[in-house]
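Protein chains: 4
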Amino acid sequence: MTKIDLNQSTKEEMSKHSRAISSVVDAVGDENKVSRAIGKLKQLQIAIPSWALGTGGTRFGRFPGGGEPSSLAQKIEDVALLNRLNKSSSSISLHIPWDKAENIEELKKLAKSLDLSFDAVNSNTFQDQPNQSYSYKYGSLCHTDKEVRQLAVNHNKEVISIGENLGSKALTVWLADGSIFPGQHDFKSALNRTLDSLSEIYSSLPPDWTMLLEYKPYEPNFYSMVIPDWGTSYLLVSELGDQAKTLVDLGHHLPNTNIEQIVSTLLFKNKLGGFHFNDSKYGDDDITVGSLKPYQLFLIFCELVKGMDDDPNLDLSWMIDASHNIKDPLEDLLQSVEAIKIAYAQALLVDYNELAFYQNRNDISQCQEILQEAFRTDVRALVREARLQLGGVYDPIKSFRENKIREKLISERGVNSKATGL
Amino acid sequence: MTKIDLNQSTKEEMSKHSRAISSVVDAVGDENKVSRAIGKLKQLQIAIPSWALGTGGTRFGRFPGGGEPSSLAQKIEDVALLNRLNKSSSSISLHIPWDKAENIEELKKLAKSLDLSFDAVNSNTFQDQPNQSYSYKYGSLCHTDKEVRQLAVNHNKEVISIGENLGSKALTVWLADGSIFPGQHDFKSALNRTLDSLSEIYSSLPPDWTMLLEYKPYEPNFYSMVIPDWGTSYLLVSELGDQAKTLVDLGHHLPNTNIEQIVSTLLFKNKLGGFHFNDSKYGDDDITVGSLKPYQLFLIFCELVKGMDDDPNLDLSWMIDASHNIKDPLEDLLQSVEAIKIAYAQALLVDYNELAFYQNRNDISQCQEILQEAFRTDVRALVREARLQLGGVYDPIKSFRENKIREKLISERGVNSKATGL
Amino acid sequence: MTKIDLNQSTKEEMSKHSRAISSVVDAVGDENKVSRAIGKLKQLQIAIPSWALGTGGTRFGRFPGGGEPSSLAQKIEDVALLNRLNKSSSSISLHIPWDKAENIEELKKLAKSLDLSFDAVNSNTFQDQPNQSYSYKYGSLCHTDKEVRQLAVNHNKEVISIGENLGSKALTVWLADGSIFPGQHDFKSALNRTLDSLSEIYSSLPPDWTMLLEYKPYEPNFYSMVIPDWGTSYLLVSELGDQAKTLVDLGHHLPNTNIEQIVSTLLFKNKLGGFHFNDSKYGDDDITVGSLKPYQLFLIFCELVKGMDDDPNLDLSWMIDASHNIKDPLEDLLQSVEAIKIAYAQALLVDYNELAFYQNRNDISQCQEILQEAFRTDVRALVREARLQLGGVYDPIKSFRENKIREKLISERGVNSKATGL
Amino acid sequence: MTKIDLNQSTKEEMSKHSRAISSVVDAVGDENKVSRAIGKLKQLQIAIPSWALGTGGTRFGRFPGGGEPSSLAQKIEDVALLNRLNKSSSSISLHIPWDKAENIEELKKLAKSLDLSFDAVNSNTFQDQPNQSYSYKYGSLCHTDKEVRQLAVNHNKEVISIGENLGSKALTVWLADGSIFPGQHDFKSALNRTLDSLSEIYSSLPPDWTMLLEYKPYEPNFYSMVIPDWGTSYLLVSELGDQAKTLVDLGHHLPNTNIEQIVSTLLFKNKLGGFHFNDSKYGDDDITVGSLKPYQLFLIFCELVKGMDDDPNLDLSWMIDASHNIKDPLEDLLQSVEAIKIAYAQALLVDYNELAFYQNRNDISQCQEILQEAFRTDVRALVREARLQLGGVYDPIKSFRENKIREKLISERGVNSKATGL
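Protein chains in written order, with the numbering used here: chain A, 232 to 653; chain B, 232 to 653; chain C, 232 to 653; chain D, 232 to 653.
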């Protein structure tokens with residue numbers, strides 16, 4: 232594994248940092264609130280998906296970088312690297328069969344030695360694997376052919392069983408099933424078959440597991456998706472049972488969707504299971520979290536903070552799901568985690584009781600002021616403080632570069648190593 | 232009431248018409264299917280909303296035409312006029328308080344004499360009426376203030392009671408409630424209060440009535456609507472009970488939404504209550520049905536035909552909801568009804584068993600061919616035949632113009648008469 | 232005019248303020264850059280449109296507040312009030328005929344006494360005025376009828392002449408012309424007629440004036456607008472001549488449009504004339520600037536700062552164009568101006584040479600860091616400092632409320648006063 | 232080459248066909264118009280892009296069919312096959328370097344023997360080729376590095392020279408260049424560099440050639456594209472000169488764009504160069520032409536028919552650009568050509584003088600009636616008649632299946648043959 236020697240923060244850095252903390256206290260006017268926020272920030276861990284450690288691409292091409300992890304062990308090492316820098320990425324989310332390991336025990340040992348755990352496991356029924364007995368060309372859990380559906384169901388069961396071995400507690404199901412042309416699907420039958428298949432998978436779920444069901448309006452199908460929106464996912468997880476929840480991927484919405492309201496509605500019905508964080512302008516662009524719509528991210532976190540305040544037992548799955556087409560994947564992930572923590576920090580500064588007071592009076596200008604004041608506060612020092620307290624570095628990207636980590640990875644793994652996956 | 236003397240179809244028209252019927256039989260290759268379609272077309276009645284009989288407008292202005300109905304009696308007469316021409320508009324849908332009548336018995340008599348009935352009644356809590364005790368500025372059923380909610384609940388109860396007198400069997404609730412700015416609403420509380428208010432209204436529903444609950448993503452609120460999408464409406468009507476159903480207004484969707492799939496999903500859960508037909512390119516443009524996306528309309532009707540085939544007791548509410556900003560409202564309504572019947576006729580020509588056969592084989596090209604063949608068939612003669620069999624005219628728009636109906640209405644009612652409403 | 236007695240900032244406020252300034256210097260690491268930013272902020276003046284001083288509405292209704300200005304003199308007084316608070320709103324933009332004044336000399340005197348000037352004048356050919364000889368129902372500058380076009384051309388000429396009297400230097404043309412249905416317009420002819428009409432107006436433009444030409448994709452027309460996008464506006468202003476420029480209204484774009492790129496392209500061709508600032512989620516929602524997409528606003532200002540750096544003679548028109556449907560219009564305008572200045576301040580903190588350096592190396596992560604660092608900096612103190620130096624108040628909204636300005640306006644003008652306009 | 236033996240139409244088919252023609256004449260009421268339409272239909276040839284002959288895919292995967300052409304010669308044979316069936320696909324459009332041939336003379340001979348010609352040639356600077364000296368990862372014609380730009384310019388020059396050898400008369404440039412993150416590009420510099428690069432390519436254009444410049448709002452870049460919209464393409468082709476024109480790809484627009492209006496504006500300025508036909512619901516979905524929005528296609532053809540009527544010398548490039556992810560590519564192409572010809576036939580039935588008459592009177596209902604009457608007419612017989620007159624088959628898809636063409640191709644080429652390209 233790449234050896235890195237992380238420098239201590241300089242004296243100058245640290246004194247600048249404490250002045251920055253003071254100025255947040257000054258702006259917020261409540262030292263306790265700031266300390267509490269730092270405490271909460273320390274607890275937030277965001278899982279890294281194994282497939283985001285390599286270079287992504289589009290149907291038009293892919294421009295690989297170098298030093299990509301070409302084995303699951305290397306992927307785990309990359310996540311450990313990230314976590315060593317930011318102390319907020321202490322778990323990895325696997326995608327089967329891309330991450331199918333021959334020696335699970337060794338991997339578990341490796342992960343343990345690096346203080347990493349295994350987050351939700353992901354099944355894959357949107358690609359055919361070599362020598363697969365049936366093709367998913369026309370769907371998987373929704374397929375008209377019983378044997379294809381059974382293949383997909385069995386695959387999901389296998390994923391659960393792999394996850395059990397690893398210590399995972401959740402199965403994430405993203406279903407690419409859908410149709411490209413009007414007439415291709417009988418919507419009702421396709422939905423019904425999907426519900427049946429999911430039920431069979433659900434029945435294999437260990438009692439302490441959660442099934443996280445995604446939704447997506449389009450891509451890779453361009454006329455209909457079997458689970459196009461939160462409403463359909465909600466309908467399905469409601470029928471499946473208490474262990475089934477909806478997972479929100481920020482990029483899986485039609486233009487202009489109010490995502491924070493969906494988050495709230497799912498919390499209202501206790502059916503929010505977790506997140507795939509990313510950002511996007513047009514479709515499922517899968518770009519760095521917070522790189523385009525930081526205020527939307529903040530508003531989503533306001534709902535989450537309220538939800539966690541309302542229900543201390545709320546157990547949500549947090550993961551990044553991005554495609555790093557042209558930036559260094561590790562730098563990109565560091566930026567994403569930072570953006571998530573910044574949004575969370577801002578949301579923690581809101582006084583929700585005060586907000587509710589003005590909401591009840593319909594004092595809309597004041598409600599806006601309260602949110603904007605939190606958002607306009609420079610909370611980077613709080614995120615840094617939480618990171619430093621956990622043993623992370625002052626500036627993860629800067630450390631990554633000063634330690635020439637990418638260069639080291641390339642020299643170890645070569646320029647042509649290729650992460651499996653998309 | 233305007234006297235019109237509708238000419239008989241000419242011999243030439245009628246012989247052209249029968250050739251056109253023959254050519255549909257030729258194209259479809261099944262005379263029975265064509266007869267059955269004509270039979271179904273004769274049964275489809277589409278309600279006319281009272282507010283669509285006058286000139287609509289935008290926030291930028293309104294350009295009234297002339298001869299608009301300025302009383303409820305005149306509105307009923309306008310609908311009778313339409314129905315005399317097309318024989319498919321035999322009911323009117325009222326909007327309270329715009330259509331609050333002093334003498335209900337007289338109106339019922341008038342309607343009966345014209346063979347018209349009263350369709351769903353609509354409540355209005357998106358505008359303040361003169362001398363209203365509380366304002367709906369910040370919402371109605373969702374309002375933070377109990378007294379405003381009660382006002383809105385009572386209004387809905389009154390609307391039900393008016394509807395009972397008239398013989399209506401459904402209450403349509405379109406809720407403009409929402410927020411324009413982040414922070415204005417606590418989504419969860421607003422949704423919860425709305426559910427409570429709706430429950431109280433629902434409890435007043437006569438046992439043979441349906442409550443139709445609309446959804447809309449934006450306008451007049453521009454950040455959130457309390458019931459933004461079918462999922463939220465579905466969640467609410469599920470909690471309310473069997474008499475509550477979702478109503479789909481074609482213009483109430485985000486860009487690129489697959490509406491026909493929503494229709495299918497609601498049918499799957501037996502929660503589709505009815506339609507507000509219109510067409511649109513950008514938002515809730517409320518333009519003439521079928522004037523922009525006739526293929527989408529056809530696809531929606533394919534779902535409806537399948538749904539009605541599956542459940543002969545399915546009882547759906549059909550209504551036009553459009554805003555006639557620059558065209559003659561009556562001509563516009565005639566065009567809308569014609570477009571609906573054309574789409575229905577095309578959908579009736581599809582052989583759904585054959586379609587299912589190819590769907591099950593994933594023969595996508597063939598599925599597409601089946602739908603497109605039905606859509607590309609010129610079914611205007613079938614719609615005309617159904618209309619003629621019911622005693623309507625050969626060409627409603629032509630008759631409207633030849634009889635100088637608008638001119639007569641203007642001379643009777645003046646150029647400055649104004650229909651109440653939007 | 233409403234008498235207000237603005238308190239001095241407290242000692243505590245002022246010492247908090249200077250700590251906040253220091254912390255910006257600390258974050259930015261360059262005192263000169265901060266001073267320069269404050270200097271630039273002092274120069275930015277944003278015009279207030281007369282029509283934004285009252286309550287706006289939608290086609291579904293309007294919920295008036297109280298104390299609205301019911302005369303042009305009162306509108307000028309309202310702008311003076313805003314300017315007294317924020318010192319950044321020293322001009323008013325009039326809309327003719329809504330703001331047609333009988334006694335122009337008196338108005339000029341009033342404005343002068345309040346240190347206000349008259350910004351761009353706006354023509355209105357999207358509504359019919361009482362007793363207008365021809366109707367704009369089917370268009371104005373594009374109308375098929377020569378006499379309607381001439382009426383609209385003459386109106387624009389009259390607006391120029393009114394503007395000349397007032398000391399304006401620009402005519403803003405927003406053309407609602409378009410079509411609601413396919414077939415209604417022959418696009419080519421409509422565009423050609425519009426070009427002819429604009430040419431005639433352009434020929435009346437005083438040599439030191441600018442014609443600002445807006446574009447908008449839809450509303451109030453729902454199939455086509457004659458000038459739907461920047462490309463069409465650019466095509467027209469290119470043909471008209473050097474005095475014609477494109478005006479960008481932030482709400483006048485299709486979903487997901489990259490507005491900052493349009494700004495850059497127009498600057499590239501020296502055809503950017505100015506802005507109508509507002510924010511929106513769905514369409515032309517006309518909500519408070521910065522209330523939804525503050526990062527987009529910042530990115531637009533980055534282009535503007537670069538543009539102004541490149542061309543010190545660049546003369547842009549800055550105006551708010553919003554519709555205050557439920558908030559107090561004056562509070563809303565104060566929030567909008569603040570948001571504009573915050574975005575400008577953030578954009579002023581970017582080191583564009585450094586950015587160019589990394590752009591040239593395709594170091595994308597670093598480019599992102601540079602922008603996000605500026606955006607994440609809490610610049611509220613810089614905006615406040617600029618305001619205080621100009622004699623404005625510490626916190627405009629707070630002063631507005633503490634001085635009970637709305638209450639005073641209501642007591643002076645009544646609850647039912649109505650601002651003309653939308 | 233696959234041997235197929237195309238059956239003659241049966242007597243029953245032919246008599247059904249002539250009845251169908253008669254019924255169109257009946258509906259249209261003008262035999263000459265129908266004959267003229269058939270004449271025009273015979274002339275319309277639509278180029279087939281070489282890359283559409285194999286199975287397409289998305290970033291999530293690809294599900295190949297079998298019998299794909301694995302050489303350029305086989306691609307030419309596939310197009311010949313299509314053309315033998317529909318007689319409307321007499322040319323092929325090549326993509327370099329995918330279609331770089333070793334022996335051009337042989338290919339020309341092959342094409343000639345099959346009565347095919349070579350349409351526009353396409354350059355490719357959105358993918359890196361093995362052993363390429365510089366990477367297009369960060370752009371090509373817009374790249375910050377002069378040497379990358381030169382590589383891309385030279386590639387385009389080479390494509391022109393290959394095209395000259397083949398007898399092409401146009402170069403199509405689709406530029407994937409853009410940025411994924413705010414800050415990555417300096418928009419102005421990127422656009423300026425692109426203009427310079429295009430100028431150098433343009434200077435190599437033979438005098439009888441056209442340069443067709445596409446635009447696209449996003450994908451594969453997700454923040455900005457250097458040529459995002461028709462306005463930018465128009466700006467560039469205007470600066471380049473008369474031989475440069477804009478090419479419209481139907482899928483390259485933001486949601487809700489009025490494409491037919493863009494077509495009209497480009498025709499107005501004589502800057503429309505051609506089309507890439509496809510259909511889409513969400514983004515650049517590249518699905519079968521006419522499979523989703525047939526009315527939009529018809530409206531576009533109305534503009535084209537008017538444009539060709541206005542300028543008989545108008546020379547437009549017509550090509551399909553689709554991605555056949557799950558349907559048989561050849562069937563899909565047959566469906567696309569059919570849909571184009573149907574839309575063209577409908578547009579040819581419109582009486583544009585009559586339309587203009589009602590447009591000038593602002594009789595909007597009547598304008599709508601005129602367009603809808605043409606669209607609702609069943610014109611399949613006209614398209615078939617044109618095809619039969621040229622020697623094509625009665626029903627291309629049926630012939631394709633009855634002749635078991637795909638089965639033959641698979642047996643000749645195998646199930647694993649792979650077309651180069653996307």
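Where a beta carbon is used, it is the ideal one built from N, C-alpha and C, also for glycine. Remember, it's a predicted structure, so these values are computed and weren't measured experimentally.
Cross-strand partners of residue i (DSSP beta bridge)
{"i": "B/Ala407", "result": "BP columns for B/Ala407 are empty, so no partner."}
{"i": "D/Met539", "result": "Answer is none; D/Met539 lacks a bridge partner."}
{"i": "D/Leu478", "result": "D/Gly505"}
{"i": "C/Gly292", "result": "C/Thr289"}
{"i": "B/His555", "result": "B/Thr286"}
{"i": "C/Ala401", "result": "C/Thr441"}
{"i": "A/Ser324", "result": "A/Pro280"}
Contacts that residue i makes with chain C (C-beta to C-beta distance below 8 Å)
{"i": "B/Asp359", "result": "Gly292, Phe294"}
Residues that residue i contacts on chain B, provided the C-beta gap is smaller than 8 Å
{"i": "A/Thr487", "result": "The residue you asked about is not Thr; residue 487 of chain A is Asn in the sequence shown. Within 8 Å Cβ-Cβ: Pro448, Tyr449, Leu485, Pro486."}
Contacts that residue i makes with chain A (C-beta to C-beta distance below 7 Å)
{"i": "B/Ala741", "result": "Residue coverage of chain B in this structure runs from 232 to 653, which leaves residue 741 of chain B outside it and unanswerable."}
Contacts that residue i makes with chain B (C-beta to C-beta distance below 7 Å)
{"i": "D/Lys247", "result": "Asp257"}
{"i": "A/Ser455", "result": "Asn489, Gln492"}
Interface partners of residue i on chain D, CB under 8 Å
{"i": "B/Ser596", "result": "Lys558, Asp559, Glu562, Asp563, Gln566, Ile628"}
{"i": "C/Phe412", "result": "Ile595, Cys598, Gln599"}
Neighbouring residues, chain G, relative to residue i (Cβ below 7 Å)
{"i": "A/Thr608", "result": "Given the protein chain composition of this structure (A, B, C and D), no chain G is represented."}
Residue i: contacting residues in chain C (beta-carbon distance under 9 Å)
{"i": "A/Ala574", "result": "What A/Ala574 touches in chain C: nothing, since even the nearest Cβ is about 11 Å away."}
Helix, strand or coil at residue i according to DSSP, with G and I counted as helix
{"i": "A/Ile458", "result": "coil"}
{"i": "A/Val520", "result": "coil"}
Any contact of the stretch 639-651 of chain D with the stretch 288-297 of chain D, i.e. 3+ C-beta pairs under 8 Å?
By the Cβ criterion, the stretch 639-651 of chain D is in contact with the stretch 288-297 of chain D, since at least three pairs of Cβ atoms, one from each stretch, lie closer than 8 Å.
Three or more C-beta pairs below 8 Å linking the stretch 546-553 of chain C and the stretch 579-596 of chain C:
no
Taking Cβ-Cβ distances below 8 Å as the criterion, which residues of the stretch 381-410 of chain D are in contact with chain A?
The residues in question are Ala407.
Residues in the stretch 525-545 of chain B having any Cβ partner in chain D nearer than 8 Å:
Pro525, Tyr526
Inter-stretch contact (C-beta, 8 Å, three-pair minimum) for the stretch 314-327 of chain D and the stretch 367-377 of chain D
no
Taking beta-carbon pairs under 9 Å, can you tell me which members of the stretch 492-521 of chain A lie near chain D?
Ser511, Lys512, Tyr513, Gly514, Asp516, Asp517, Ile518, Thr519
Hey, is the stretch 484-496 of chain B in contact with the stretch 456-471 of chain A, meaning 3+ C-beta pairs nearer than 8 Å?
The stretch 484-496 of chain B is in contact with the stretch 456-471 of chain A.
Taking Cβ-Cβ distances below 8 Å as the criterion, which residues of the stretch 460-473 of chain A are in contact with chain D?
none
Answer yes if the stretch 249-257 of chain C comes into contact with the stretch 556-574 of chain C, meaning at least three C-beta pairs across the two stretches below 8 Å, and no otherwise.
no
Scan the stretch 367-381 of chain D for residues whose Cβ lies nearer than 8 Å to a Cβ of chain A and list them as they occur along the chain.
Tyr367, Lys368, Tyr369
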